[in-house]
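A short write-up of the structure that comes next.
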Amino acid sequence: MFVNNKISEGVFHICVNDRRKSLFENLWPLPNGVAYNCYLINDEKTALIDTVESGSDLDFIQKIELSLGDKELDYLVINHMEPDHSGSIKDVVKRWKDVKIVGNKQTYKILAGYLGSLPNLIEIKDGEELSLGSHNLKFILTPWLHWPETMMTYETTKELLFSGDAFGSYGTLDGGVFDDEVRVEYYLDEMRRYYTNIVGKYSNMVQKALVKLNGISVSHICPVHGLIWRKNPAQILALYDKWSSHESDDAVVVIYASMYGHTESMADHIARSISLKGVKDIRVYDVSKTHVSYLISEVWRCKGVVLGSCAYNTEMHPNMEHLCTELTHYGVKNKKLAIFGSYSWNGGGVRNLLKFAEAVKWDSVCEPIDILGRPTMDKLAEVAVMAQSMADAIKK
Ligand code: FEO
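Residue numbers for the sequence shown follow my numbering, beginning at 1 and rising by one.
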């Protein structure tokens with residue numbers, strides 16, 4: 001038994017809650033699952049906006065039929081071709097053989113790569129419109145949110161923004177579907193983790209998209225993952241502006257790699273010392289225990305980043321190396337950085353963290369601390385300087 005959620009007269013939300021998939025993109029953990037959203041408009045003409053991952057819902061076609069009533073599906077609008085949204089296109093075109101597929105030039109390139117040559121393509125350009133009767137769709141090209149073909153579809157009469165991946169989140173919709181039906185705070189961390197893992201690399205393009213959306217009145221933001229925003233769409237727009245402009249909180253994250261506890265012990269001592277200098281928002285993570293997706297999200301959130309690594313075969317610890325590679329890849333900016341580590345013979349952790357620091361061009365607040373062996377109190381004298389420098393940088 002299923003019902004589709006009504007967004008406004010003739011506009012429906014069709015949702016699949018996927019609690020079986022454990023890794024998004026076979027990479028990012030989904031402890032709370034993920035929701036695939038798509039949308040159906042039933043007017044003189046009918047349109048489905050996006051689909052869902054292939055095989056994620058055996059009732060998907062019946063759900064569309066439910067909201068179509070006795071009508072056929074006239075249009076399938078493809079905002080995004082990543083398979084979590086395009087995977088069921090083949091089922092839709094099989095069921096509605098005359099459906100017209102609406103996308104842009106880039107959409108069709110990827111579509112052909114996935115499904116071969118399909119008939120009934122309507123290629124739209126930025127700003128073009130399509131009337132469905134009393135509803136009217138306007139297409140806004142938003143490349144690289146999150147692939148090159150990505151676009152948004154704006155329904156101009158009810159001011160509904162079908163935004164694709166943008167403004168989405170990990171996590172299933174557990175009963176509540178709209179932002180006024182849930183405790184939004186529950187979703188915020190997963191929204192930021194989703195943003196930083198999936199869209200964050202293209203933050204400059206997010207900024208361009210936000211400029212494009214500026215001035216457009218929006219009653220609902222309808223993404224393809226997570227909550228639909230109707231009470232306070234401004235909240236998620238503001239968060240995207242903050243995250244994509246690399247603004248962060250007055251907070252410090254300490255992330256360490258430790259084999260025998262020496263670097264871990266330094267991490268705790270550094271965190272405590274920064275706390276004593278008045279910083280209240282500090283988090284400490286073991287890079288070998290916490291998945292890199294959470295660490296990327298925390299680094300994005302915090303203005304201060306303290307990275308520590310033991311030496312490992314004259315390099316830094318491989319798990320810290322992985323984190324550093326990801327942070328470089330994502331182009332994380334505007335951080336205050338401090339580095340520490342320990343070694344048993346000729347080092348390598350701090351030496352290689354310094355190469356990372358040079359590559360990402362973050363603002364180093366102090367000299368690194370590299371300790372031979374056990375970090376006894378006499379060897380930790382420089383931590384006070386590091387803590388003060390970091391606290392000063394955070395409060396600035
Ligand atoms: Fe949710 Fe880029 O796909």
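Quick reminder that beta carbons are idealized off the backbone N, C-alpha and C, glycines included.
Top-ranked residue by Cα proximity to residue i, from the options
i, options, result
"Glu123", "Lys109, His322, Met377", "Lys109"
"Asp180", "Tyr170, Phe162, Trp144, Ile221", "Ile221"
"Lys6", "Asn32, Tyr36, Leu40, Glu25", "Leu40"
"Ile140", "Gly168, Leu121, Val102", "Val102"
"Phe12", "Lys395, Glu155, Ser131, His246", "Glu155"
"Lys397", "Thr328, Asp126, Ser275", "This structure cannot speak to residue 397, because the chain is shown only from 1 to 396."
"Ile49", "Asp165, Ala251, Lys336", "Asp165"
"His146", "Asn197, Glu159, Val177", "Asn197"
"Gly127", "Ser244, Gly116, Asn104", "Asn104"
"Asp286", "Leu295, Lys280, Val279, Gly278", "Leu295"
"Val305", "Glu315, Ser54, Arg351, Val360", "Val360"
"Met191", "Val253, Asp91, Leu210, Gly33", "Gly33"
Extent of the continuous beta strand (DSSP E) to which residue i belongs
i, result
"Pro223", "220-223"
"Ala338", "336-343"
"Cys366", "Premise fails: Cys366 is in no beta strand (DSSP E) and is neither H nor E."
"Glu298", "Taken as a continuous stretch (DSSP letters only), Glu298 belongs to no beta strand (DSSP E), being part of the alpha helix (DSSP H) at 292-301."
Buried or exposed by the 16-neighbour rule on C-beta atoms within 10 Å, applied to residue i
i, result
"Arg301", "buried"
"Asn313", "exposed"
"Val3", "exposed"
"Pro375", "buried"
"Asp370", "buried"
"Ser230", "What sits at residue 230 in the sequence shown is Arg, not Ser. Answer is buried; the Cβ neighbour count reaches 16."
"Asn42", "buried"
First through last residue of the alpha helix (DSSP H) which encompasses residue i
i, result
"Tyr114", "105-115"
"Val92", "89-95"
"Gly164", "Looking at the DSSP string, Gly164 is not in any alpha helix (DSSP H); the run it does join, the beta strand (DSSP E), is 160-164."
"Leu130", "First-last for Leu130: 129-131, but that is the beta strand (DSSP E), not the alpha helix (DSSP H)."
"Met320", "318-330"
"Glu358", "349-360"
"Ser8", "That residue, Ser8, is in no alpha helix (DSSP H); its beta strand (DSSP E) goes 5-8."
"Asp241", "233-244"
Distance CB(residue i)-CB(residue j) smaller than 8 angstroms
i, j, result
"Thr46", "Leu68", "yes"
"Ala454", "Ile282", "Given that the chain is displayed from residue 1 to residue 396, the structure contains no residue 454 and the question cannot be resolved."
"Asp84", "Tyr36", "yes"
"Val52", "Val77", "no"
"Leu130", "Leu121", "no"
"Thr263", "Gly308", "yes"
"Gly278", "His317", "no"
"Val332", "Val299", "yes"
"Ala257", "Met205", "no"
| task | Could you pull out every unbroken alpha helix (DSSP H) segment of at least 4 residues lying fully inside the stretch 178-207, listed in chain order? | result | With a minimum length of 4 residues, the continuous alpha helix (DSSP H) runs that stay inside the stretch 178-207 are 185-194.
| said: In chain order, what are the residue ranges of uninterrupted alpha helix (DSSP H) at least 4 long that sit wholly in the stretch 42-97? | reply: 60-68, 83-86, 89-95
| said: So within the stretch 251-285, which uninterrupted alpha helix (DSSP H) runs reach at least 4 residues, ignoring any that extend past its ends? | reply: 262-276
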